[in-house]
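To start, the structure itself, in structure tokens.
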Amino acid sequence: MTRNDFLNALYRALLYLPAKERQEIMQDYEEHFAAGLEQGKTEEEICRALGDPGEIAQTYLQQSKAGEDGAYQASSAAPRSPAGEATAPIRPCPSAVADNGNRVLYTVLFILDMIFFALPGIPGGFALAAAGAAILITSVAAGIFASSALLALCFISLSIALISAGVLAILLIIWSLRACYQRMR
1181 MTRNDFLNAL
1191 YRALLYLPAK
1201 ERQEIMQDYE
1211 EHFAAGLEQG
1221 KTEEEICRAL
1231 GDPGEIAQTY
1241 LQQSKAGEDG
1251 AYQASSAAPR
1261 SPAGEATAPI
1271 RPCPSAVADN
1281 GNRVLYTVLF
1291 ILDMIFFALP
1301 GIPGGFALAA
1311 AGAAILITSV
1321 AAGIFASSAL
1331 LALCFISLSI
1341 ALISAGVLAI
1351 LLIIWSLRAC
1361 YQRMR
């Protein structure tokens, strides 16, 4: 793992923190890399010494959550590196900052999904299912009272297909709305 990979992964994992706090943490780890490179270490060695960016971010996220509950008070001192030296500030990585653009993208997709798929699609799905149910009832009645059982079986198959298509349309619309909403948050 290189310096950019490490910092990008850390930045993406810290997106739920306030921007100022995230910036301070990123600056601290940038200083870790600067100090390590001055000591002659490679980027890979520094990454191994620092650990997994996901675990580091999880620690900060837990501390931040505890701070909201009043159990944790953030100190003004910068976190220390594994070697014990203080860390320095860093700037956010450009590719990690681009993740914020995804939130806008998913918001736009969510709105378009609502307008073009959900508003016409959910009533359409219910209409398909209702039409299938109506055809099913009439085809069963036609099969009982008429002598054309083959025609009744054909209409029963059609009704099952319509009901399935209606339910599937509703489920797909709900799934796509849910996926966009989760990505948007």
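Heads up: the sequence shown begins at 1181 in my numbering, then just goes up one per residue. In this text, a Cβ means the ideal position worked out from N, Cα and C, and glycines have one as well.
**Request:** Return the chain-ordered list of same chain residues with a C-beta closer than 7 Å to the C-beta of Thr1287, the five sequence neighbours on each side being excluded.
**Result:** Within the sequence shown, numbered from 1, the residue matching residue 1287 stands at position 107. Once the five neighbours on either side are set aside, the close Cβ partners of Thr1287 are Met1364.
**Prompt:** Can you tell which of Leu1333, Gln1238, Ala1326, Pro1303 has its C-alpha closest to the C-alpha of Arg1353?
**Reply:** Numbered from its first residue, the sequence shown carries residue 1353 at position 173. It should be noted that the sequence gives Ile, not Arg, for residue 1353. For Ile1353, the nearest C-alpha among the options comes from Pro1303.
**Asked** How would you label Leu1194, buried or exposed, when you count the other beta carbons within 10 angstroms and need 16 or more for buried?
**Response** For the purposes of this step, residue 1194 is identified with residue 14 of the sequence shown, where counting begins at 1. Burial call: buried.
**Prompt:** Between Pro1300 and Leu1217, what straight-line distance do the alpha-carbon atoms span, to the nearest angstrom?
**Reply:** Counting from 1 along the sequence shown, the entry for residue 1300 is found at position 120. Counting from 1 along the sequence shown, the entry for residue 1217 is found at position 37. Looking at the two C-alpha atoms, the distance is approximately 59 Å.
**Prompt:** Nearest to Arg1358 by alpha carbon, out of Leu1187, Gly1312, Met1294?
**Reply:** Against the sequence shown, residue 1358 aligns to sequence position 178. Of the listed residues, the one whose Cα sits closest to Arg1358 is Met1294.
**Asked** Between the stretch 1220 to 1229 and the stretch 1194 to 1205, do three or more beta carbon pairs fall short of 8 Å?
**Response** no
**Item:** From Tyr1361, Cys1360, Thr1318, Ala1310, residue whose alpha carbon lies closest to that of Ala1345
**Value:** Translated into the one-based positions of the sequence shown, residue 1345 becomes position 165. Of the listed residues, the one whose Cα sits closest to Ala1345 is Ala1310.
**Prompt:** In terms of alpha-carbon separation, which member of Asn1188, Cys1360, Asp1185, Tyr1191 lies closest to Arg1380?
**Reply:** This structure cannot settle anything about residue 1380, because the visible part of the chain is limited to 1181 through 1365.
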